[in-house]
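So for the sequence shown, our numbering puts the first residue at 813; every next one is plus one. From the three backbone atoms N, C-alpha and C, an ideal C-beta is built for every residue, glycine too. Presented below is the structure to which this report refers.
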Amino acid sequence: MKEHSCDVLVVGSGAGGLSTAVVAAHHHQQVLVVEKEPVFGGTTARSGGWMWIPGNAPGKRAGVEDSAEKAKTYLKYETGEFFDEARVDAFLENGPNAVDFFENNTALQFDLGPTFADYHPDAPGGMPGGRSIVAKPFDGRELGDEIKRLRPPLAEITVLGMMIGSGKELLHFFNVTRSPISALFVSGLFAKFLRDRVFHGRAMRLMNGNALVARLAKSCFDKGVPIWTRSPVRKLIRDESGRVTGALVDTPTGAVRVHANKGVVMAAGGFPQDPVRRKKLFPHAPSGYEHASPAPPGNTGDGLRLAEKAGASVQEDLPHAAAWVPISRPVWSDGTQGTFPHFVDRSKPGIIAVTRSGRRFVNEANSYHDFCQAMYKHCTEEQAEVCAFFIADHRTFRKYGLGFAKPTPMPYKAHLKSGYLIRGKTLRELAEKIGADPAQLEKTVAEFNRHAKDGNDPEFHKGSTAYNRSLGDPEHKPNPCIAPIQRGPYYAVKLVIGDLGTFDGLRTDENAQVLDEKGKVITGLYAVGNDAASIMGGNYPGGGITLGPAVTFGYIAARHMAGVSQHGRRKSVGVVAS
């Protein structure tokens, strides 16, 4: 069998794994990243790419007033009985340091989302903005031939393959038929996209999670870190003392025994595509298959299973095992179903959600995680299928789109034909087509309209928080999230529960070291990203609470393996003991 030696072996190539690799290499460690799929980037490359890191440098430069104490108050409120003080403190102390490190030493640079509010901004310690950052757009040509191995973005959230940024850029797309400035802006982006498709076969203006991965990968390659794709780990290797010393890796050229002198880092993306663990932990998926995830197909829980066989403990008692998001299932030309996560349209004026009872059940503009909790609760109470429907009239649909069905000037008849988009001349006809109570749907819309004309929603208070309003239409007055539903035809899209990543995971300490059933460190084994149990206690406090900790604990784990103290000085020992 072939053998390979390194200091740090990273299993998985999303933000957590690549962050670990970059930081470890910077501290003079020999690093190897292995990835089971033919492309690198994991779920991160498909994601929005936001990172929730209180006290970040872009926020400070913009004059955001925040503190670790305020963020800790917020997390203590959000996590409740699952508040893990040691890990939260490590995250809040090291998060800003990690941002500084990447900005000063790597290709990873950040933009601030100044109005990207915490998801519960009115809670103790919550903020109306300033804690979420995103990687700056990146020119994919800087990756050279390696661009071919970068996982493409999730097709459902692009426009014909073109990535769209959040905030002002997204508003330009919504206003493309109403504003000459927006039309010119979008036309310019589309022209560049078409040029890239002709010369490179894909978009080269990388945004969001694709930009985050590309910048981290570029930093890895600059520091001489190889990324082996098509190279799944089959087994972790332990010595007589129980220390993890490496792994058996299957590569395209045969099995390789990899010796890792400092540590092995599990960063394989959690278990969103593992039906066995989903059956055990997802209440809405009793067979494990009643669930749709935009995560890559390879995220099947390998990291957790490999670590368990090495004695690790998996936390499975969080209130929510994953970050829930409403998903609709567009139909592709070959008949297969896609997964469209609904991030933005929930907040738009003129869109409401109902269950098959025909009743609303939630403030639609609240976080996607909260939305799905309410959906599950009400459908269970109604003893009905766990699903819901977005409802909009023709004007709203053509202005903002509805899920994968894009707004004017994009065509939509194919979505009607496939059954993804459902249309009725009247609300009663629409209700009959979606299997909802016709009389109740008419009553629901009438009651909603009675207050919506004045921008009010006394039942669920849509548009009442900074987070609600940040994703509404700022040009719509008086409430950016509220408008009547009044002129047919009417449209609906069916929603089911999906995820943006799993929360349950390997138990770790504040250094990202994996713990066994007795709470003792398994020397040489680390976990970051969704392979590690979330510090958020099964809740979803803000945009980027998966990737922010992933990048931060990657930074922490790498420094711990390299023997670097919190203040940047190298410890005297060569190998860090537990």
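What is the rounded straight-line gap between the Cα of residue i and the Cα of residue j?
| i | j | result |
| --- | --- | --- |
| V1156 | R1055 | 46 Å |
| C1293 | P1250 | 25 Å |
| D1182 | G1115 | 28 Å |
| M863 | L996 | 30 Å |
| F950 | M975 | 11 Å |
| Y1232 | P965 | 21 Å |
| S879 | T856 | 27 Å |
| K1289 | R1027 | 39 Å |
| G937 | V1010 | 49 Å |
| V1388 | Q841 | Confidence in V1388 is poor, its pLDDT being 31 and thus under 50, which makes the residue's placement unreliable; the coordinate value appears in the next sentence. In a straight line, the C-alpha of V1388 is about 13 Å away from that of Q841. |
| T1256 | N1268 | 15 Å |
| D1266 | H1206 | 20 Å |
| A827 | N1342 | 10 Å |
| F1201 | A1324 | 41 Å |
| G1366 | G1310 | 26 Å |
| E881 | T1320 | 23 Å |
| I1334 | A1119 | 10 Å |
| D1285 | R1158 | 11 Å |
| G1007 | D1062 | Inspection of the sequence shows that residue 1007 is occupied by Arg rather than by Gly. Their Cα atoms are separated by approximately 38 Å. |
| A833 | K1218 | 39 Å |
| I969 | F1005 | 15 Å |
| D1146 | A1264 | 41 Å |
| R873 | I1164 | 38 Å |
| G956 | S825 | 18 Å |
| I1049 | A1059 | 5 Å |
| D819 | E1271 | 58 Å |
| L924 | G875 | 11 Å |
| E767 | N868 | Past the boundaries of the shown model lies residue 767; the chain is included only from 813 to 1390, so the question cannot be answered. |
| R1382 | V1376 | With a pLDDT of only 41 at R1382, under the threshold of 50, the placement of this residue in the model should not be trusted; the figure read from the coordinates follows. Approximately 4 Å, taken between the alpha carbons. |
| K1274 | E1287 | 16 Å |
| I959 | S1031 | 14 Å |
| F903 | I1246 | 45 Å |
| T1151 | P1142 | 7 Å |
| T918 | N909 | 14 Å |
| R899 | G1113 | 23 Å |
| R1014 | F1002 | 12 Å |
In terms of DSSP beta bridges, what is residue i paired with?
| i | result |
| --- | --- |
| P1153 | I1139 |
| S817 | H1071 |
| L844 | L821 |
| M1078 | V823 and A1339 |
| W864 | S944 |
| A1172 | The question names Ala, but residue 1172 is Arg in the sequence shown. DSSP lists V1166 as partners of R1172. |
| I1234 | A1304 |
| Q1298 | In DSSP, Q1298 forms no bridge with anything. |
| A1124 | D1328 |
| F852 | L962 |
| L1018 | F950 |
Is residue i close to chain C, meaning its C-beta is less than 8 Å from at least one C-beta of that chain?
| i | result |
| --- | --- |
| E897 | Here there is only one protein chain, and chain C is not present. |
Assuming residue i contacts residue j under a Cβ cut-off of 8 Å, what Cβ separation, rounded to an integer in Å, is found between them?
| i | j | result |
| --- | --- | --- |
| G907 | P866 | 7 Å |
| A1369 | V1340 | 6 Å |
| F1173 | H1154 | That pair is no contact at about 15 Å. |
| W1040 | E847 | 7 Å |
| I1234 | A1304 | 4 Å |
| T1220 | T989 | 5 Å |
| S1169 | G1215 | Wrong, their Cβ atoms sit about 21 Å apart, outside the cutoff. |
| L830 | L844 | Wrong, their Cβ atoms sit about 12 Å apart, outside the cutoff. |
| L1318 | A1345 | 6 Å |
| P1161 | A1295 | 3 Å |
Quiz item: Considering only residues of the stretch 1093 to 1122, which uninterrupted alpha helix (DSSP H) runs meet the minimum length of 4 residues and lie entirely inside it, listed in chain order?
Solution: 1114 to 1121
- Query: Residue ranges of each alpha helix (DSSP H) run of no fewer than 4 residues wholly in the stretch 922 to 1006, ordered along the chain?
  - Reply: Here the runs fully enclosed are 980 to 986.
Three or more C-beta pairs closer than 8 Å, one from the stretch 1080 to 1093 and one from the stretch 1279 to 1296: is that the case here? no
Hey, is the stretch 1233 to 1240 in contact with the stretch 892 to 909, meaning 3+ C-beta pairs nearer than 8 Å? no
> Is the stretch 1318 to 1331 touching the stretch 1121 to 1137, taking contact as three or more C-beta pairs under 8 Å?
Replying inline: yes
To test your reading of the DSSP string, which unbroken alpha helix (DSSP H) runs of 4 or more residues are found completely within the stretch 1236 to 1276? Those alpha helix (DSSP H) runs which fall completely within the stretch 1236 to 1276 and span 4+ residues are 1239 to 1246 and 1250 to 1264.
*asked:* Quick check: the stretch 1014 to 1027 against the stretch 1035 to 1046, are at least 3 beta-carbon pairs closer than 8 Å?
replied: no
- Evaluate contact between the stretch 1104 to 1113 and the stretch 1075 to 1088, counting only Cβ atoms and requiring at least three cross-stretch pairs below 8 Å. yes
message = Counting beta carbon pairs with one atom in the stretch 1135 to 1150 and one in the stretch 1168 to 1184, are three or more of them shorter than 8 Å?
response = yes
_Any alpha helix (DSSP H) of 4 or more consecutive residues that is wholly inside the stretch 1179 to 1227_ = If we require 4 residues or more, the alpha helix (DSSP H) runs fully inside the stretch 1179 to 1227 come out as 1180 to 1193 and 1206 to 1212.
- prompt: Quick check: the stretch 924 to 937 against the stretch 1349 to 1357, are there 3 or more CB pairs under 8 Å?
  reply: The stretch 924 to 937 is in contact with the stretch 1349 to 1357.
* **Unbroken stretches of the alpha helix (DSSP H), 4 residues or longer, contained in the stretch 1303 to 1384** => 1359 to 1374
query = What runs of the beta strand (DSSP E), each 3 residues or longer, lie entirely inside the stretch 1025 to 1070?
reply = 1045 to 1050 and 1056 to 1063
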